[in-house]
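Read the sequence shown against my numbering and you will find it ends at 565, with the numbers running on by one and no gaps.
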Amino acid sequence: MPLIKHSSYVPPRFLKNPHIQTIYPFVARPVLGVNYRRERIQTPDGDFLDLDWSYASSKRLAILSHGLEGHSRHSYMLGMVKALNNEGISALSWNLRGCGGEVNVKEHFYHGGMTEDLQAVIESVYPYFDEIYLIGFSLGGNITLKYLGELGDKVPPKVCCAVNFSVPIDLKACSYVVNDEKNWVYFKKFMHSIRSKVNAKSARVNFSVPIELLKKASSFKDLDDWFTAPLFGFNNAEHLWEEISSKKYVEKIRIPTLLVSSEDDPILAAECYPTELARQSDYVYFEMPSHGGHVGFVALNWANEYWSESRAVEFIEEHRGTRGVKPGMTMI
């Protein structure tokens, strides 16, 4: 039922190419007026997370989760924060381990299914707000969807709804798409960032895996076979992908959740478009614009607000406080 057949997104005429849509915001979009206040919280396993706050006047909060090797100051994060603040919604952009500008304590960094860290963030702010919304981008969206699916109808009552963009819900399928020859620039960017962080951390941590293999890694399978999987106790990349991909958790989600993925996304595999699931779901809304690239959805207007930001605010306002209640059901 919540399959959204006709998306409202119309790209600028000269920004229909999916690679331009993906890259343009990173190189040509300044977002001004967001002034973060940083807070550091401790995780149950003795590490830390850096949270960047941008307050509004209400007791409503959106928690934003960034993508692979992203951080709170990427333009898609700042743009969303600004749009939320303009609607009177406070925003909390949390940095995955090692992404906040300082090397984290533990030997491992993060993976795309570390819902325990999102849980720690939610618990740290839960008493202070009346309504909480979750917004995820790419890998951060995978964490968000997995978190919601793991908890099902036990999601904390104040968490009203969620919005996610360009989510690789099938990490195995997407890992091969990213390694396609036409996507070499994305893989090269990711690996450069990961290698830099590992090299910086090696001065402080004695890794239990041979990090010199990262120099030879030519695919995400290599990276996850040799580095990510063993650090987190998985058998190999296949085991890791199977366990942390949100695809098998999406059908268990029990709060209003919007997933937006463009039809021309250069990074997503065909397995990441849950059309049939959305047709049968009462909670998962799937929207597939023809254009938008990967976390693009560029719009040119006087407010410098992208379509994804307007769409997120629209969905939040439609579903705030409802928790997907149907006629005859009792409000939580």
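Here a beta-carbon is modelled for each residue, glycine too, at the ideal position from N, C-alpha and C.
Quick caveat: nothing in here was measured; it's all calculated off a predicted structure.
Buried or exposed by the 16-neighbour rule on C-beta atoms within 10 Å, applied to residue i
{"i": "GLN196", "result": "Nothing about residue 196 can be reported from this structure: the residues present for the chain run from 234 to 565 only."}
{"i": "GLU302", "result": "buried"}
{"i": "GLU550", "result": "exposed"}
{"i": "PHE465", "result": "buried"}
{"i": "LEU367", "result": "buried"}
{"i": "GLY266", "result": "exposed"}
{"i": "GLY346", "result": "buried"}
{"i": "MET564", "result": "The predicted model places MET564 with a pLDDT of 30, which falls under 50 and marks its position as unreliable, so this point remains unresolved."}
{"i": "SER291", "result": "exposed"}
{"i": "ILE386", "result": "Ile is not the amino acid found at residue 386; the sequence shown has Asp there. Exposed: under 16 other Cβ atoms inside 10 Å."}
{"i": "TYR361", "result": "exposed"}
{"i": "SER241", "result": "exposed"}
{"i": "ASN318", "result": "buried"}
{"i": "ASN432", "result": "exposed"}
{"i": "MET562", "result": "Per-residue confidence for MET562 stands at a pLDDT of 33, beneath the threshold of 50, marking its modelled position as unreliable; no derived number is given."}
{"i": "LEU533", "result": "exposed"}
{"i": "PHE247", "result": "exposed"}
{"i": "GLU349", "result": "exposed"}
{"i": "ARG437", "result": "exposed"}
{"i": "HIS239", "result": "exposed"}
{"i": "LEU404", "result": "buried"}
{"i": "HIS552", "result": "buried"}
{"i": "CYS511", "result": "The residue you asked about is not Cys; residue 511 is Ala in the sequence shown. By the 10 Å Cβ count, ALA511 comes out buried."}
{"i": "PRO560", "result": "Reliability fails at PRO560, whose pLDDT of 34 lies under 50, so the model's placement of it is uncertain and the value that follows must be treated cautiously. PRO560 is exposed by the Cβ-count criterion."}
Residue i - DSSP class collapsed to helix/strand/coil
{"i": "PRO560", "result": "Unreliable placement is indicated for PRO560, whose pLDDT of 34 sits below 50; the coordinate value is still reported in the next sentence. PRO560 falls in the coil class under three-state DSSP."}
{"i": "ASP350", "result": "helix"}
{"i": "LEU378", "result": "helix"}
{"i": "VAL531", "result": "coil"}
{"i": "ASN468", "result": "coil"}
{"i": "THR490", "result": "strand"}
{"i": "PHE519", "result": "strand"}
{"i": "ILE565", "result": "Note on ILE565: pLDDT 28, under 50, position unreliable in the model; the coordinate value appears next. In this structure, ILE565 counts as coil in the three-state DSSP scheme."}
{"i": "GLU383", "result": "helix"}
{"i": "VAL484", "result": "Reading off the sequence, residue 484 comes out as Glu, not Val. Of the three classes helix, strand and coil, the one that applies to GLU484 here is helix, per DSSP."}
{"i": "VAL260", "result": "helix"}
{"i": "LEU447", "result": "helix"}
{"i": "ARG553", "result": "coil"}
{"i": "CYS505", "result": "helix"}
{"i": "GLY312", "result": "helix"}
{"i": "ILE566", "result": "Residue coverage of the chain in this structure runs from 234 to 565, which leaves residue 566 outside it and unanswerable."}
{"i": "PRO251", "result": "helix"}
{"i": "PRO244", "result": "coil"}
{"i": "LEU265", "result": "coil"}
{"i": "PHE548", "result": "helix"}
{"i": "TYR343", "result": "coil"}
{"i": "VAL442", "result": "coil"}
{"i": "TYR478", "result": "As written in the sequence, residue 478 is Ser, which differs from the Tyr given in the question. If DSSP states are grouped into helix, strand and coil, SER478 belongs with coil."}
{"i": "ASP403", "result": "coil"}
{"i": "GLU320", "result": "coil"}
{"i": "VAL358", "result": "helix"}
{"i": "ARG512", "result": "helix"}
{"i": "ALA436", "result": "coil"}
{"i": "SER541", "result": "helix"}
Beta-carbon separation (whole angstroms), residue i vs residue j, contact threshold 8 Å
{"i": "VAL264", "j": "SER287", "result": "That pair is no contact at about 11 Å."}
{"i": "ARG293", "j": "GLY321", "result": "7 Å"}
{"i": "SER308", "j": "PHE259", "result": "6 Å"}
{"i": "PHE453", "j": "ASN412", "result": "6 Å"}
{"i": "VAL517", "j": "PRO277", "result": "That belief does not hold up - the Cβ atoms of VAL517 and PRO277 are roughly 29 Å apart, past 8 Å."}
{"i": "ARG487", "j": "VAL388", "result": "7 Å"}
{"i": "SER494", "j": "CYS505", "result": "6 Å"}
{"i": "GLU364", "j": "GLY554", "result": "6 Å"}
{"i": "ALA353", "j": "THR490", "result": "That belief does not hold up - the Cβ atoms of ALA353 and THR490 are roughly 21 Å apart, past 8 Å."}
{"i": "LEU430", "j": "PHE342", "result": "The sequence shown places Lys at residue 430, not Leu. That belief holds up - the Cβ atoms of LYS430 and PHE342 are roughly 7 Å apart, short of 8 Å."}
{"i": "GLU484", "j": "SER514", "result": "7 Å"}
{"i": "SER371", "j": "GLY300", "result": "3 Å"}
{"i": "PRO245", "j": "GLY525", "result": "Actually they do not touch by this definition, with Cβ atoms about 11 Å apart."}
Strand pairing of residue i, partner residues [DSSP]
{"i": "GLY369", "result": "SER298, ASN397"}
{"i": "GLU496", "result": "For GLU496, which the question treats as bridged, DSSP gives no partner whatsoever."}
{"i": "TRP286", "result": "ARG270, LEU325"}
{"i": "ILE237", "result": "GLU520"}
{"i": "GLN275", "result": "PHE281"}
{"i": "ILE293", "result": "The identity of residue 293 in the sequence shown is Arg, whereas the question assumes Ile. According to DSSP, which records beta bridges pairwise, ARG293 is partnered with GLU364."}
{"i": "VAL392", "result": "ILE365"}
beta-carbon residue i near the ligand NAP non-hydrogen atom, thresh 8 Å
{"i": "ARG544", "result": "Of ligands this structure carries none, so the ligand NAP is not represented either."}
Check your understanding: Counting pairs of beta carbons, one from the stretch 278-297 and one from the stretch 338-358, are three or more of them closer than 8 Å?
Key -> yes
Check your understanding: Given 8 Å as the limit, is there contact between the stretch 391-402 and the stretch 326-333, that is, 3 or more CB pairs closer than that?
Key -> Too few Cβ pairs lie closer than 8 Å, so no.
**Study point:** Contact between the stretch 493-506 and the stretch 248-255 (3+ Cβ pairs under 8 Å)
**Key:** Proximity of the stretch 493-506 to the stretch 248-255 meets the contact definition, three or more beta-carbon pairs being nearer than 8 Å.
Practice item. Flag this pair as touching only if the stretch 364-383 and the stretch 456-468 have three or more C-beta atom pairs under 8 Å; answer yes or no. Key: no
Check your understanding: Three or more beta-carbon pairs under 8 Å between the stretch 461-479 and the stretch 529-542, yes or no?
Key -> no
Review point. Do three or more CB pairs link the stretch 370-379 to the stretch 480-494 at distances below 8 Å?
Key: With a cut-off of 8 Å, the stretch 480-494 and the stretch 370-379 count as touching, because enough Cβ pairs lie within range.
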